[in-house]
Amino acid sequence: MTPPNETSLIGRIEIARSIGTGPICPAPDLSKVKVAVVHEWLDTYAGSERVVEQILHCFPQADIFAVVDFMPADQRGFLDGRKVTTTFIQNLPFARRRFRSYLGLMPLAVEQFDLTPYELVISSSHAVAKGIITGPDQTHVSYVHSPMRYAWDLQHQYLRQANLTSGLKSIYARWLLSRLRQWDVRTAPGVDLFVANSSYIARRIRKAYCRDAAVIHPPVDTEGFALSDCRSDHYCVVSRLVPYKRVDLIAAAFAAMPDRKLIIVGDGPELKRVMQAAGNAHNVCVRRPVGHADLVRLMQSARALVVAAEEDFGITMVEAQACGTPVIAFGRGGAVDIVATGDRAAPTGILFNEQSAPAIVDAVTRFERSAPAISAQACRANAMRFSVEAFRSRLRDHVASALLGRGIAGTVGRAPGLQPASEW
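The opening position of the sequence shown corresponds to residue 407 in the working numbering, with each subsequent residue numbered one higher.
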């Protein structure tokens, strides 16, 4: 008999069974499991929708549920013709344009989904999807993009950005966020297995819900970003120009390094601030968003991609690495999972520890000293850890183990004597 793969979650459970730590149960046939996928809202095809697309690929028999569905017709391909079951918020006044204004009703809305026919429920959650109600004989796996940022550790930042720091509206917003936090914690025990999109989000889950989480990084279209060894003389930034991205700091840093060229590709409410930070520097160029082919060429030719944000994960960093391009990034959040630094055998970039222009200047200087040790091939190999195929394999593995785990131990997804997935 072929021995189980020790790097596989199912394989480790099989080993546990073989040494007598749990009853032997047949591995589930995932194609025969009745599955529901619950997503927050469908209004544009972006990062979390790419995750849903791959979940649906793994479970083509799944039905899909969402608070609202206003996905444009030209972006619905990933749903493969499925009818989306929505909540009462879909039909409320002005919901098409202002459905987020009904945030206070969303906990009630998702609790109205009748999921009793399903053996397995997978929620894709960054707000309320994880709060759906399941029974004791159902398995609920929640893929968490982030706990509600605006209700937890980023509450004060969001209130400042929304100009809600004082007055009656501020009092109402704080009351609402407090209620959302209470509901968010109350619904956490209804999740059998938490899955985080990065080790950073796993720590946030631990802080908010006192629960361990497995880590499955989001799927990245690495095949759409081909490897190239040809480098030009410019650094690049590819980002939405919003406050937390801190692109203004990168512009200011390169304005102080006139012998180094920076190309910023992006648009958003912080455009004016970024332009002001760049000043009249001739070496900093800001461009509007470009098409995919031009974006790939820009990344392939860049000396490095520069990132100053504290990202939950950071798909753009993986796309740059797939092109063979090193990454210079702020050393918190998802960048820690993505960028291999000089203490590893095959480094792929540099991390810096402070969100400031001087720290970025220092990081660029350190990068240029270490650049000979960073190869395009190492960057590409690093990116392949986050491929679509890797995501599918890990998701199936963890879901199968969660289903098996009901017959092995009281904690779903863990066999006696085994470490939680987050500790492997």
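Just so you know, even glycine gets a beta-carbon here, dropped at the ideal spot from N, CA and C.
Identify the continuous beta strand (DSSP E) that holds residue i and give its terminal residues.
i, result
"Asp768", "Element bounds for Asp768: not the beta strand (DSSP E) but the alpha helix (DSSP H), 763 to 776."
"Asp475", "469 to 475"
"His640", "640 to 644"
"Arg693", "690 to 693"
"Val444", "441 to 448"
"Leu668", "667 to 671"
"Tyr602", "Per the sequence shown, the amino acid found at residue 602 is Ala instead of Tyr. Where Ala602 is concerned, the enclosing beta strand (DSSP E) stretches over 599 to 602."
Smallest Cα separation from residue i: which of the options?
i, options, result
"Asp654", "Leu582, Arg580, Phe476, Ala715", "Ala715"
"Ala763", "Val712, Pro695, Gly730, Ala659", "Ala659"
"Val626", "His804, Glu795, Tyr451", "Glu795"
"Lys440", "Leu521, Ala557, Gln761, Val591", "Leu521"
"Val643", "Gly697, Leu711, His688, Asp618", "Leu711"
"Ile577", "His562, Trp589, Gln588, Val591", "His562"
"Glu455", "Ile756, Pro624, Pro695, Leu436", "Pro624"
"Asp559", "Tyr606, Arg592, His804", "Tyr606"
"Thr754", "Val733, His532, Arg772", "Val733"
"Gly487", "Pro466, Arg504, Leu498", "Pro466"
"Gly483", "Ile721, Thr450, Thr492", "Thr450"
"Asn759", "Val742, Pro523, Ala752", "Val742"
"Gln518", "Gly537, Arg502, His532", "Gly537"
"Tyr502", "Arg694, Pro478, Ala782", "The displayed chain sequence assigns Arg, not Tyr, to residue 502. Among Arg694, Pro478, Ala782, the Cα nearest to that of Arg502 is on Pro478."
"Glu525", "Asp543, Gln588, Gln682", "Asp543"
"Pro649", "Ala699, Ala568, Thr493", "Ala568"
"Arg592", "Val692, Cys616, Gly573, Ser572", "Cys616"
"Ala594", "Arg612, Gln682, Leu582", "Arg612"
"Asp480", "Phe500, Leu574, Leu448", "Leu448"
"Val713", "Arg693, His688, Ala751, Ile744", "Ile744"
"His532", "Asp590, Arg504, Leu485", "Asp590"
Ends of the alpha helix (DSSP H) at residue i?
i, result
"Gly755", "Careful: Gly755 lies outside any alpha helix (DSSP H), inside the beta strand (DSSP E) at 755 to 758."
"Lys678", "677 to 684"
"Thr545", "Unbroken run through Thr545 is the beta strand (DSSP E), 545 to 550; no alpha helix (DSSP H)."
"Arg800", "794 to 811"
"Glu459", "453 to 464"
"Arg786", "782 to 789"
"Leu574", "574 to 593"
"Leu704", "698 to 707"
"Val653", "653 to 661"
"Ser531", "Counting along the chain, Ser531 falls outside any alpha helix (DSSP H), though it belongs to the beta strand (DSSP E) covering 526 to 531."
"Ala741", "741 to 744"
"Leu514", "512 to 516"
"Ile373", "For residue 373 there is no data in the structure shown, the boundaries of the chain being 407 and 830."
Suppose the cutoff is 7 Å on Cβ atoms and the five residues either side in sequence are ignored; what does the same chain contact list for residue i look like?
i, result
"Cys464", "Arg798, Leu801, Arg802"
"Ala468", "Val441, Ala442, Val443, Leu462"
"Gly453", "Pro624, Ile721"
"Asp718", "His551, Ser552, Asn603, Ser604, Tyr606, Ile607, Gly739, Gly740"
Please return the same chain residues whose Cβ sits closer than 6 Å to the Cβ of residue i, not counting the five positions on each side in sequence.
i, result
"Val458", "His445, Ser530"
"Pro553", "Arg610, Ala614"
"Leu677", "Leu647"
"Met512", "Val473, Val534"
"Tyr564", "Tyr556"
"Arg587", "Ala557"
"Ala683", "Asp654, Ala657, Ala658"
If you check the beta carbons only, do residue i and residue j fall under 7 Å apart?
i, j, result
"Ile495", "Val473", "yes"
"Arg652", "Gln761", "yes"
"Gly740", "Ser604", "yes"
"Ala746", "Asn788", "yes"
"Ala657", "Val690", "yes"
"Ser634", "Cys729", "yes"
"Ala735", "Leu757", "yes"
"Val516", "Val490", "no"
"Ala608", "Val597", "no"
"Gly674", "Arg703", "no"
"Phe773", "Val724", "no"
"Ala557", "Leu570", "no"
"Tyr641", "Arg585", "no"
"Thr540", "Met790", "no"
Can you name, in chain order, every residue of its own chain whose Cβ lies under 8 Å from the Cβ of residue i, other than the five neighbours on each side?
i, result
"Cys636", "Gln706, Ser707"
"Gly748", "Ile756, Ser776, Ala779"
"Val696", "Val671, Leu704"
"Thr492", "Phe471, Ala472, Val473, Val474, Asp475"
"His698", "Gly630"
"Gln460", "Pro625, Val794, Phe797, Arg798, Leu801"
"Phe500", "Ser507"
Just checking, does the stretch 764 to 782 make contact with the stretch 669 to 676 on the three C-beta pairs under 8 Å criterion?
no
Can you confirm whether the stretch 471 to 488 touches the stretch 505 to 516 when touching is taken to mean that 3 or more C-beta pairs between the two stretches lie within less than 8 Å?
yes
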